[in-house]
Amino acid sequence: MMIRFSARQGYIIGIVSGYFFFAGAWVLLSNRLLSMFASIEAMLTFQTIKGLIFVFITTLLLLIALIAVPADTPTGLSPVRRVLWPRLIAAQAIPALAVLVQIELWEWIQPYSYFLLYPAIFFSSWIGGLTGGVIATLGTTLAVWYIFIPVPYSFSIERPTSFISIGLFFAMGVMFSLTHHRLRSAERNASDNKFYALVEHSLAGLYIIQDGRIRYASPEFARLLGQPGPDRLIGQPVRDLIVPEDWRRVAARIEQPDADARDELRQSLRARHADGHLIDLDLYGRTFSQDGRPAVIGLAVDVTPHRAAERARDAAQRRLALALAAGGMGVWEWHSPSDTLSCSPECARLLGVEEGNPSPQANLSRVHPDDLERLTRETREALAGQHTLVTEFRIVRPNREIEWLASLAAPRYDDKGQPVGLIGTLRDITDHRRILDELRQRNEELEQLNTAAVGREIDMIALKRQINALSAETGRTPPYDLSFAEDVEADRIASP
Numbered sequence: 049m050m051i052r053f054s055a056r057q058g059y060i061i062g063i064v065s066g067y068f069f070f071a072g073a074w075v076l077l078s079n080r081l082l083s084m085f086a087s088i089e090a091m092l093t094f095q096t097i098k099g100l101i102f103v104f105i106t107t108l109l110l111l112i113a114l115i116a117v118p119a120d121t122p123t124g125l126s127p128v129r130r131v132l133w134p135r136l137i138a139a140q141a142i143p144a145l146a147v148l149v150q151i152e153l154w155e156w157i158q159p160y161s162y163f164l165l166y167p168a169i170f171f172s173s174w175i176g177g178l179t180g181g182v183i184a185t186l187g188t189t190l191a192v193w194y195i196f197i198p199v200p201y202s203f204s205i206e207r208p209t210s211f212i213s214i215g216l217f218f219a220m221g222v223m224f225s226l227t228h229h230r231l232r233s234a235e236r237n238a239s240d241n242k243f244y245a246l247v248e249h250s251l252a253g254l255y256i257i258q259d260g261r262i263r264y265a266s267p268e269f270a271r272l273l274g275q276p277g278p279d280r281l282i283g284q285p286v287r288d289l290i291v292p293e294d295w296r297r298v299a300a301r302i303e304q305p306d307a308d309a310r311d312e313l314r315q316s317l318r319a320r321h322a323d324g325h326l327i328d329l330d331l332y333g334r335t336f337s338q339d340g341r342p343a344v345i346g347l348a349v350d351v352t353p354h355r356a357a358e359r360a361r362d363a364a365q366r367r368l369a370l371a372l373a374a375g376g377m378g379v380w381e382w383h384s385p386s387d388t389l390s391c392s393p394e395c396a397r398l399l400g401v402e403e404g405n406p407s408p409q410a411n412l413s414r415v416h417p418d419d420l421e422r423l424t425r426e427t428r429e430a431l432a433g434q435h436t437l438v439t440e441f442r443i444v445r446p447n448r449e450i451e452w453l454a455s456l457a458a459p460r461y462d463d464k465g466q467p468v469g470l471i472g473t474l475r476d477i478t479d480h481r482r483i484l485d486e487l488r489q490r491n492e493e494l495e496q497l498n499t500a501a502v503g504r505e506i507d508m509i510a511l512k513r514q515i516n517a518l519s520a521e522t523g524r525t526p527p528y529d530l531s532f533a534e535d536v537e538a539d540r541i542a543s544p
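For the sequence shown, this note's numbering assigns the number 49 to the initial residue and increments by one for each residue that follows.
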């Protein structure tokens with residue numbers, strides 16, 4: 049099983065290993081050099097100087113190590129700088145090749161032991177960076193000492209001054225590596241500063257999540273959650289910020305992302321604001337590897353107003369659909385430029401057609417032939433005149449039964465204010481029409497009965513007049529009062 053170390057652990061292991069090799073090399077080489085002195089006094093002096101130099105160097109290394117030690121868990125945007133093995137191998141190959149070439153040419157270039165090796169470690173530090181450059185410098189120093197410094201092919205030294213040239217070569221190699229490292233760091237910092245400036249002023253919140261916790265949060269991300277600053281979110285479990293039912297849906301993608309798969313994260317969820325109310329967030333992210341472990345980096349956008357508008361619209365549509373269904377009404381929409389007619393399920397049922405067919409001819413196929421031309425004309429006149437359409441028409445059911453429908457529609461306009469169609473409602477008025485027909489029929493029958501009754505009353509008035517006339521001729525008082533007769537006759541004349 050592969051053992052993975054954090055940035056701090058890896059750094060500490062590197063420092064300890066480097067110190068081990070440095071101290072071991074210092075002891076071995078300084079003792080070899082010490083054996084070259086003849087007098088005891090010179091040996092003691094050199095021993096003291098050697099100890100002071102060792103203390104100074106180790107103290108300096110300890111200071112640098114403590115200053116540069118990284119955090120155990122990265123919290124910034126900059127990814128962990130991992131060693132790139134191809135560059136590291138190339139950095140070692142260049143001086144190795146230079147050593148081999150110099151061995152072949154040594155007969156012509158001696159005694160210039162560093163003739164090809166200074167350029168080699170320069171390019172090694174440029175390609176391999178600080179790590180590759182220092183390793184290449186150390187290996188090349190040992191190689192030049194063993195092969196080219198007299199005595200050849202031995203670590204023995206003829207002249208103590210050779211240690212100066214060896215130390216100078218090693219110091220120059222380390223300087224090359226540090227210089228290239230600083231230049232690259234300056235370039236990265238400049239790039240990171242631009243990126244940070246962009247992130248800090250972004251309208252979307254940037255986040256990095258690792259091991260189920262927030263490792264980085266931009267100021268906007270903190271503002272979305274109602275926090276005074278990103279520091280309040282760093283290290284906080286993500287599950288504490290998301291409502292439980294939404295967390296169960298996204299937990300696996302956030303807590304156990306697959307860095308190798310480069311999965312994209314697109315989720316809509318509800319998070320809890322610092323003051324307790326819920327906000328709607330859209331998360332966009334991608335998995336990546338940071339410090340040898342998978343993580344998720346992405347953007348969070350506050351869509352609370354948008355979701356609230358969607359919920360209000362959906363609620364209004366449900367209320368409208370409920371009201372239309374309660375009233376037995378359907379909704380239709382005619383788009384004039386494309387000549388398409390869309391119908392709601394209830395509208396399609398009323399028309400007796402299948403839902404989803406946008407063809408006006410198909411949706412109007414059951415309109416009574418005597419009403420189809422009028423209906424088409426009234427629809428186009430309403431669009432052209434930009435007025436409300438109020439019309440009634442008949443449809444013919446498959447069983448040849450006739451039903452009446454009524455439609456009320458208004459024009460629809462585009463962004464430029466031009467009419468592009470009609471939108472309206474449709475309802476069944478068959479029962480209403482049947483009641484109206486029955487009422488008209490009853491009125492006609494009543495009128496007929498009334499006319500017959502009035503006629504009989506006029507005949508009675510005429511008979512009574514005859515009786516009154518006969519009574520007058522015989523000298524009797526007329527038995528009937530006919531003062532109302534003129535009104536009855538006037539009503540008869542007025543009635544059709």
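Glycine included, every Cβ here is placed at the ideal spot set by N, Cα and C. Just so it is clear, the structure is predicted and the values come from calculations on it, not from any experiment.
Buried or exposed: which applies to L216, given that a residue is buried once 16 or more other Cβ atoms fall within 10 Å of its Cβ?
Walking along the sequence shown from the start, residue 216 turns up at place 168. Label assigned to L216: exposed.
Measuring alpha carbon to alpha carbon, tell me which of Q315, R287, Q284, A348 ends up nearest F269.
Residue mapping note: residue 269 aligns to position 221 of the sequence shown, counting from 1. It is A348.
What residues match up with W382 in a beta bridge as DSSP calls it?
Within the sequence shown, residue 382 is the residue found at index 334, counting from 1. Partner(s): L389, L470.
Neighbourhood of S173 by C-beta distance below 6 Å, restricted to the same chain and skipping five residues each side
Indexing the sequence shown from 1 puts residue 173 at position 125. Counting only Cβ-Cβ distances below 6 Å, and skipping sequence neighbours, we find G181, F224, S225, H228.
Can you tell me whether S225 is helix, strand or coil according to DSSP?
Within the sequence shown, numbered from 1, the residue matching residue 225 stands at position 177. In the structure shown, S225 sits in a helix (DSSP, three-state: H, G or I).
Using DSSP with H/G/I as helix, E/B as strand and the rest coil, what is L125?
Position 77 of the sequence shown, counting from 1, holds the residue named residue 125. Only weak support exists for where L125 lies, its pLDDT of 47 falling under 50; the value from the coordinates is given anyway. Of the three classes helix, strand and coil, the one that applies to L125 here is coil, per DSSP.
In three-state terms, what does DSSP make of A322?
Walking along the sequence shown from the start, residue 322 turns up at place 274. In the structure shown, A322 sits in coil (DSSP, three-state: anything other than H, G, I, E or B).
Distance, R320 Cα to R287 Cα
Walking along the sequence shown from the start, residue 287 turns up at place 239. Walking along the sequence shown from the start, residue 320 turns up at place 272. Each residue's alpha carbon lies about 10 Å from the other.
In its own chain, which residues sit with a C-beta less than 7 Å from the C-beta of L423, not counting the 5 before and 5 after it?
Here residue 423 is taken as the residue at index 375 of the sequence shown, counted from 1. Closer than 7 Å at Cβ, skipping near neighbours: V415, T439, F441.
Helix, strand or coil: which one does DSSP assign to D476?
The count along the sequence shown starts at 1 and reaches residue 476 at position 428. Strand.
Per the DSSP calculation, D350 is bridged to which residue(s)?
Walking along the sequence shown from the start, residue 350 turns up at place 302. Beta-bridge pairing links D350 to L329.
Selected residue, minimal CA-CA separation from S204, among Y194, S213, I212
Here residue 204 refers to the residue found at position 156 of the sequence shown. For the residues Y194, S213, I212, the minimum Cα distance to S204 belongs to Y194.
Tell me the rounded alpha-carbon separation between G177 and S210.
Within the sequence shown, numbered from 1, the residue matching residue 177 stands at position 129. Within the sequence shown, numbered from 1, the residue matching residue 210 stands at position 162. Going from the Cα of G177 to the Cα of S210 covers about 28 Å.
Between the Cα of D328 and the Cα atoms of R366, F336, E303, L289, which residue gives the shortest distance?
On the sequence shown, residue 328 is found 280 positions in, with the first residue counted as 1. Closest by alpha carbon: L289.
Tell me, please, which residues DSSP counts as bridged to D277.
Locating residue 277 in the sequence shown gives position 229, where the first residue counts as 1. It should be pointed out that residue 277 corresponds to Gly in this sequence rather than to Asp. Paired residue(s): none; G277 is not in a bridge.
Measure the alpha-carbon distance for E392 versus A432 and round it to whole angstroms.
As a working mapping, residue 392 is identified with position 344 in the sequence shown. As a working mapping, residue 432 is identified with position 384 in the sequence shown. For the sequence presented, residue 392 should be read as Ser rather than Glu. Roughly 24 Å between the two C-alpha positions.
A168 beta carbon less than 8 Å from that of I142:
In the sequence shown, counting from the first residue as 1, residue 142 sits at position 94. In the sequence shown, counting from the first residue as 1, residue 168 sits at position 120. Yes, the Cβ-Cβ distance between I142 and A168 is below 8 Å.
Environment of Q150 [buried if 16+ CB atoms lie within 10 Å]
Looking up residue 150 in the sequence shown gives position 102. Under this definition Q150 is a buried residue.
Per DSSP, G253 forms a beta bridge with which residues?
Numbered from 1 along the sequence shown, position 205 holds the residue referred to as residue 253. Paired residue(s): A348.
Excluding sequence positions up to five away, which residues of its chain have a Cβ less than 8 Å from the Cβ of F218?
In the sequence shown, the residue the question calls residue 218 occupies position 170. So the list reads T185, L186, T189, once near-sequence residues are dropped.
Beta strand (DSSP E) segment containing T439, residue limits
Translated into the one-based positions of the sequence shown, residue 439 becomes position 391. Run containing T439: 437-444, per the beta strand (DSSP E) assignment.
Check for me: the alpha helix (DSSP H) holding S173 runs from which residue to which?
Working through the sequence shown from its first residue, we reach residue 173 at position 125. 165-195 is the extent of the alpha helix (DSSP H) around S173.
Take the Cβ of Y160 as the centre, count every other Cβ of all protein chains shown within 10 Å, and call the residue buried at 16 or more, exposed below.
Position 112 of the sequence shown holds residue 160. Per the 10 Å Cβ criterion, exposed.
Between E402 and the rest of its own chain, which residues show a CB-CB distance below 7 Å, the 5 nearest in sequence each way excluded?
In the sequence shown, counting from the first residue as 1, residue 402 sits at position 354. Contacts found: A396.
Where does the unbroken alpha helix (DSSP H) through L272 begin, and where does it stop?
As a position in the sequence shown, residue 272 is number 224, starting the count at 1. Taken as a continuous stretch (DSSP letters only), the alpha helix (DSSP H) holding L272 covers 267-272.
Output yes or no for whether 8 Å exceeds the beta carbon distance between S384 and V468.
Taking the sequence shown and counting its residues from 1, the one referred to as residue 384 is at position 336. Taking the sequence shown and counting its residues from 1, the one referred to as residue 468 is at position 420. Cβ distance < 8 Å, so S384 and V468 count as in contact.
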